[in-house]
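In this note's numbering, the protein residues as written are 33 to 373.
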């Protein structure tokens, strides 16, 4: 197996810096668009054969160092009792948002059987990968899932979310407890099915101050990471806009802390502490730049990593749908060549 990614997660020496990209299986690839024209996102997620096929598409095309299972962070919401739709042009919409204590109480704490299609997709993908690269499983973090559930979709200011946090902290913590329970079981099932690392995506948590994160989020995230420690796989903790809360995220848990593009990698690593690995942190929009500019940015990130064990190259968030495929391929090659030990 190409185990660069797993070795870097453990801060062990590697021959060159491993690279994978969030949303690496997605709309920038013609292979994905062909399938997506025939199937809805939920249908692709819930059909293990399709999810495995999509997961493998970037691995078959590029010399990436890890695969990540094709799924969606919102999948746990449906079996918990929320009505989820991916509306054309709008993204995910939840038709019965959680706005009060009664709605929180109605949410089911599922044991994970309802999401076994993700575990089956992992099993099928592992067989098809046949050891080429490790497979990452993932879930959305409690704050991000809670925000979707409360807002009913995307949000600019998280008004309803923060109203519950500040106005009814008992309901808030009950909601976060439910998500922490569900997500711990969900990720454990992914690991049992064959995921060799897991990533917790807290995509929206950057809207919080350090104090609010510590009070309203950290205990619930900590519970997830503590609950999975015995599984023995590397755990990645990722968020965007998180410069102000990197220290608190590190305390919440994770062997690897994901860094977005808004902070220099070396500064972020100092905040996180060098006893943790880091992942990042190219701005996804740089992939639209001329190749010489991409190379300059890649070199800068690698220089800031300083050859220290424990750096995984990634974007600061997911690949955008119109990203040039040849730029993706070139960037992967640059990382490998420029970081050769």
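The beta carbon of each residue, even a glycine, is placed where N, CA and C say it ideally should be.
In this chain, the beta strand (DSSP E) harbouring residue 124 covers 123-126. In the DSSP secondary-structure assignment, residue 234 is bridged to 271. Across the set 87, 339, 238 and 357, the C-alpha of 339 shows the shortest separation from the C-alpha of residue 47. At a cut-off of 4 residues, the continuous stretches assigned as alpha helix (DSSP H) that sit fully inside the segment 62-114 are 62-68, 73-78, 80-93 and 109-112.
Of the residues 272, 275, 253 and 328, the one whose Cα lies closest to the Cα of residue 286 is 253.
For residue 341, the closest of 38, 44, 35 and 34 by C-alpha to C-alpha distance is 44. When beta bridges are read from the DSSP output, residue 169 appears opposite 230. Rounded to whole angstroms, residue 87 and residue 298 show a C-alpha spacing of 31 Å. A straight line joining the alpha-carbon of residue 305 with that of residue 278 spans about 10 Å.
If you look at residue 309, you'll find it in the beta strand (DSSP E) that goes 309-311.
Three or more Cβ pairs closer than 8 Å define a contact, and the segment 135-149 falls short of that threshold against the segment 58-71.
DSSP places residue 53 outside both helix and strand once states are collapsed to three, so it counts as coil. Secondary-structure assignment with DSSP links residue 118 through a beta bridge to 124. Three or more beta-carbon pairs drawn from the segment 217-232 and the segment 162-174 are found closer than 8 Å, and the two stretches are therefore classed as touching. Pairing residue 125 with residue 222 gives a Cβ-Cβ distance that is not under 8 Å. Counting only residues of its own chain and dropping the five nearest sequence neighbours on each side, residue 58 has a CB closer than 8 Å to the CB of 64, 350, 351 and 353. Residue 112 counts as buried, since no fewer than 16 other beta carbons sit within 10 angstroms of its beta carbon.
Under the three-state reduction of DSSP output, residue 214 falls in the helix class. For residue 364, the enclosing alpha helix (DSSP H) covers residues 357-370. By the neighbour-count definition (other C-beta atoms within 10 Å, threshold 16), residue 148 is an exposed residue.
Separation of residue 317 and residue 114 (C-alpha to C-alpha, rounded to the nearest whole angstrom) is 33 Å.
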